[in-house]
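Protein sequences appear in the order of chains A and B. Residue numbering for the first sequence is 3 to 257, as defined by the numbering used here. Residue numbering for the second sequence is 3 to 257, as defined by the numbering used here. Every residue, glycine too, gets a C-beta built ideally from N, C-alpha and C. So the structure is just underneath, and the comments pick up after that.
Protein chains: 2
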Amino acid sequence: MSGRLFIIGTGPGNPLQMTPEADHAVRQSADFFGYKPYLDRLNLRPEQTAHASDNREELDRARAALRLASSGRTVSVVSGGDPGVFAMAAAICEAIESGEPEWRRLEVTVVPGITAMLAAAAAVGAPLGHDFCAISLSDNLKPWTVIETRLELAAKAGFAMAFYNPISKARPWQLGRAFEILRANLPGQTAVIFARAVGRPDQNIAIHALQNANETHADMATCIIVGSAETRIVHRENLPPLVYTPRFLRSEPKA
Amino acid sequence: MSGRLFIIGTGPGNPLQMTPEADHAVRQSADFFGYKPYLDRLNLRPEQTAHASDNREELDRARAALRLASSGRTVSVVSGGDPGVFAMAAAICEAIESGEPEWRRLEVTVVPGITAMLAAAAAVGAPLGHDFCAISLSDNLKPWTVIETRLELAAKAGFAMAFYNPISKARPWQLGRAFEILRANLPGQTAVIFARAVGRPDQNIAIHALQNANETHADMATCIIVGSAETRIVHRENLPPLVYTPRFLRSEPKA
């Protein structure tokens, strides 16, 4: 007997940014695995069971969810944002590849969600309106030297950039170092957006020039967007500025 | 008297992937601007007016929407996917920057949506589960040489890649050339996903090795995801394979 596994994204936290498709998956599921703050966003019925876990146990959590789904239950694994962007979908795939043969027979459905960078970009205009990249600044899962190389190449390519996992208590200096690398490769005036808790009641957006950007502007709940050399700020009276990266690029980037 | 402007994303086409926030904006708006197939996705009331236009008139469309909103109407500008990713939000910001002073006094709200690459990734597993970039292959808005440089740098950086606007009648050879550049920089076995019409009734997903990928696999409605050298394919009996890029990277990429 085989159950079913959904891997869903709740979006950044505003319930109006969670899709009906994710909502349907929640209503169909009996068991829920995920980081507690994400599970707390769901309005579960009394007979639905939340299996909350710490944020740093993705592979154990994936295996527990697969085991339960294989026993015949309908299970949702829950990520904030989109489950495919630095989140649970890759962990589930990895667990299936290395795990029990019956896990390959499970029906697995990944339900996309609004990932943090899209909500952060929307909150200020369109800083990701041209080519861009998304980089996790966490060196828990890859060597820091790789991250440094990627930052340099992304700046040289003229990509706008979104940073996930920019800083934590265990990783205090990496973000400051990332800004140093970018300052060596991009104009000091390049716009940097610090979008904290986007879509949630405590949302806070700050825009700094790259030359003044530093790690004190961010915490674990911050998504950072670094513009390209082409990114523009449109000032407005009595309204927050709009930040956008033009669709057009007339010549080779200068950076 | 000042109106209001929403810039909304419908998601890739499956109505269950459009957020309640976008739906609320639609219900509040009197006038709608956008490419006709996107406007056709909305269930407008008889008193709501659709101003459909061709897909290649973004700036004119932006100005028309701003003019009407400034006259006091509540207007929605509609993109497929997410309005901030190769879509209308940047065009509206550009029109505001270069346009009438009163356009800077308008309340403008960008409502994020599920962008094509997230739905395409979800349909096959988690190919964007590690650092990645999004590149428009259209050389209508930037020189082709810039695109070539970006492809090379993205491959060297070890990014998975999503390609928007991969091909059109007016741009027949660019995608084939892009694959040539990638073949010079990535293993021939690298997974390439051609996701056509994701979330729509005619959805079609094909996975090819980079060495066999060519422009005949794509059309205007295709979002292409190119894995990194680390991307893996998990084969399953009687189910489509899962494609994912592992969260872990143990050393410098080989590519």
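Looking at the C-beta of residue i, does it have a partner C-beta in chain A at a distance below 7 Å?
i, result
"Ala-257 of chain B", "Note on Ala-257 of chain B: pLDDT 45, under 50, position unreliable in the model; the coordinate value appears next. No, no contact with chain A."
"Val-194 of chain B", "no"
"Cys-135 of chain B", "yes"
"Tyr-246 of chain B", "yes"
"Glu-150 of chain B", "no"
"Leu-143 of chain B", "yes"
"Asp-204 of chain B", "no"
"Phe-161 of chain B", "yes"
"Ile-116 of chain B", "yes"
"Gln-30 of chain B", "no"
"Pro-243 of chain B", "no"
"Gly-190 of chain B", "no"
"Phe-250 of chain B", "yes"
"Ala-128 of chain B", "yes"
"Ala-91 of chain B", "yes"
"Val-200 of chain B", "no"
"Ala-208 of chain B", "no"
"Leu-139 of chain B", "no"
"Ala-27 of chain B", "no"
"Ile-10 of chain B", "no"
"Ala-259 of chain B", "Here chain B comprises residues numbered 3 to 257, so residue 259 of chain B is not present and cannot be evaluated."
Let me know if residue i comes out buried or exposed under the rule of 16 or more other beta-carbons within 10 Å of its beta-carbon.
i, result
"Asn-206 of chain A", "exposed"
"Leu-144 of chain B", "The question names Leu, but residue 144 of chain B in the sequence shown is Lys. Per the 10 Å Cβ criterion, buried."
"Met-222 of chain A", "exposed"
"Gly-229 of chain B", "buried"
"Ser-138 of chain B", "buried"
"His-237 of chain B", "exposed"
"Arg-47 of chain A", "exposed"
"Gly-74 of chain A", "exposed"
"Ser-81 of chain A", "buried"
"Gln-19 of chain A", "buried"
"Glu-49 of chain A", "exposed"
"Asp-133 of chain A", "buried"
"Gly-190 of chain A", "exposed"
"Ala-97 of chain A", "buried"
"Arg-29 of chain B", "exposed"
"Glu-109 of chain A", "exposed"
"Pro-103 of chain A", "exposed"
"Phe-1 of chain B", "Since the first residue of chain B shown is 3 and the last is 257, residue 1 of chain B is not available in this structure."
"Thr-233 of chain A", "buried"
"Thr-218 of chain A", "exposed"
"Ser-4 of chain A", "exposed"
"Asn-214 of chain B", "exposed"
"Ala-208 of chain B", "exposed"
"Phe-196 of chain A", "buried"
Would residue i count as contacting chain B if we go by Cβ distances under 7 Å?
i, result
"Ala-124 of chain A", "yes"
"Glu-232 of chain A", "no"
"Ala-186 of chain A", "no"
"Gln-258 of chain A", "Chain A is shown from 3 up to 257; residue 258 of chain A falls before or after that span and cannot be answered."
"Arg-236 of chain A", "Here the sequence assigns Val to residue 236 of chain A, which means Arg is not the residue at that position. Yes, Val-236 of chain A lies at the interface with chain B (some Cβ there is under 7 Å from its Cβ)."
"Gly-229 of chain A", "no"
"Leu-155 of chain A", "yes"
"Glu-23 of chain A", "yes"
"Leu-7 of chain A", "no"
"Ala-223 of chain A", "no"
"Ala-258 of chain A", "This structure cannot settle anything about residue 258 of chain A, because the visible part of chain A is limited to 3 through 257."
"Gly-15 of chain A", "no"
Taking only heavy atoms of the ligand MN into account, decide whether any of them is closer than 6 Å to the Cβ of residue i.
i, result
"Pro-22 of chain A", "This structure does not include the ligand MN; it has no bound ligands of any sort."
By the 9 Å beta-carbon criterion, what residues does the region 95 to 107 of chain B contribute toward chain A?
Cβ contacts with chain A: Cys-95, Glu-96, Ile-98, Glu-99, Arg-106 and Arg-107.
Whole beta strand (DSSP E) elements within the region 70 to 118 of chain B, 3-residue minimum:
Counting only runs of 3 or more, we get 76 to 81 and 109 to 113.
Below 8 Å, how does it come out for the region 78 to 86 of chain A and the region 116 to 135 of chain B: are there three or more Cβ pairs, yes or no?
A contact between stretches requires three or more CB pairs, one per stretch, nearer than 8 Å, and the region 78 to 86 of chain A meets this requirement with the region 116 to 135 of chain B.
Which residues, taken in chain order from the region 38 to 63 of chain A, show a beta carbon closer than 8 Å to some beta carbon of chain B?
Residues passing the 8 Å Cβ filter: Glu-60.
If you pair each beta-carbon of the region 134 to 142 of chain A with each one of the region 35 to 45 of chain A, do three or more pairs fall below 8 Å?
By the C-beta criterion, the region 134 to 142 of chain A is judged not to be in contact with the region 35 to 45 of chain A, since fewer than 3 inter-stretch pairs fall below 8 Å.
Near-chain A residues of the region 168 to 182 of chain B (beta-carbon distance less than 9 Å), N- to C-terminal order:
Result list empty, no residue passes.
As an exercise, report each continuous alpha helix (DSSP H) stretch of at least 4 residues that is fully enclosed by the region 113 to 173 of chain A, in chain order.
Those alpha helix (DSSP H) runs which fall completely within the region 113 to 173 of chain A and span 4+ residues are 118 to 126 and 146 to 159.
Touching by the beta-carbon criterion (3+ pairs, under 8 Å), the region 89 to 103 of chain A and the region 63 to 75 of chain A
These segments touch.
Report yes or no: do three or more beta-carbon pairs, one from the region 152 to 159 of chain B and one from the region 180 to 200 of chain B, lie closer than 8 Å?
Because the criterion of three Cβ pairs below 8 Å is met, the region 152 to 159 of chain B and the region 180 to 200 of chain B touch.
Closer than 8 Å, Cβ to any Cβ of chain B: which residues of the region 67 to 84 of chain A, in chain order?
Result list: Asp-84.
Meets three-Cβ-pair contact criterion under 8 Å: the region 172 to 182 of chain B and the region 233 to 251 of chain B
For the pair of segments examined, the region 172 to 182 of chain B was found not to touch the region 233 to 251 of chain B: the number of CB pairs separated by less than 8 Å stays below three.
Does the structure place the region 48 to 56 of chain A close enough to the region 20 to 36 of chain A that three or more beta carbon pairs sit under 8 Å?
Counting Cβ pairs under 8 Å, three or more are found: they touch.
3 or more residues per run - each beta strand (DSSP E) lying fully within the region 212 to 257 of chain A:
Here the runs fully enclosed are 224 to 228, 234 to 238 and 241 to 246.
Ignoring anything shorter than 4 residues, give me the alpha helix (DSSP H) runs that lie fully in the region 26 to 56 of chain B, in order along the chain.
Listed in chain order, the complete alpha helix (DSSP H) runs (minimum 4 residues) inside the region 26 to 56 of chain B are 38 to 41.
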